[in-house]
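In the UniProt record's numbering, the protein residues as written are 1 to 67.
The beta carbon of each residue, even a glycine, is placed where N, CA and C say it ideally should be.
Data first, discussion second: the structure below is written as structure tokens.
Right, here's the structure in full:
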């Protein structure tokens, strides 16, 4: 049995046992958690770093204008 055949067989069994709603909720929850973790781990630190770099850039520009 090939991998894709096994996947569809298991998916049909899970739908029979738990219903399509449970499968959809599980997948949606996984996607939401993944997106949330991506935001917390990658996007927020990048925004904070860019904000700090922007502040440092502004200070450097002010020093150059003062000279």
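Asked                                                                                                                                                        : Found
Which parts of the stretch 18-55 are runs of the alpha helix (DSSP H), unbroken and 4 residues or longer, counting only runs that do not cross its ends?     : 20-38
Roughly how many angstroms separate the alpha carbons of residue 61 and residue 51, rounded to a whole number?                                               : 15 Å
Reducing DSSP to helix, strand and coil, say where residue 63 ends up.                                                                                       : helix
Can you name, in chain order, every residue of its own chain whose Cβ lies under 8 Å from the Cβ of residue 19, other than the five neighbours on each side? : none
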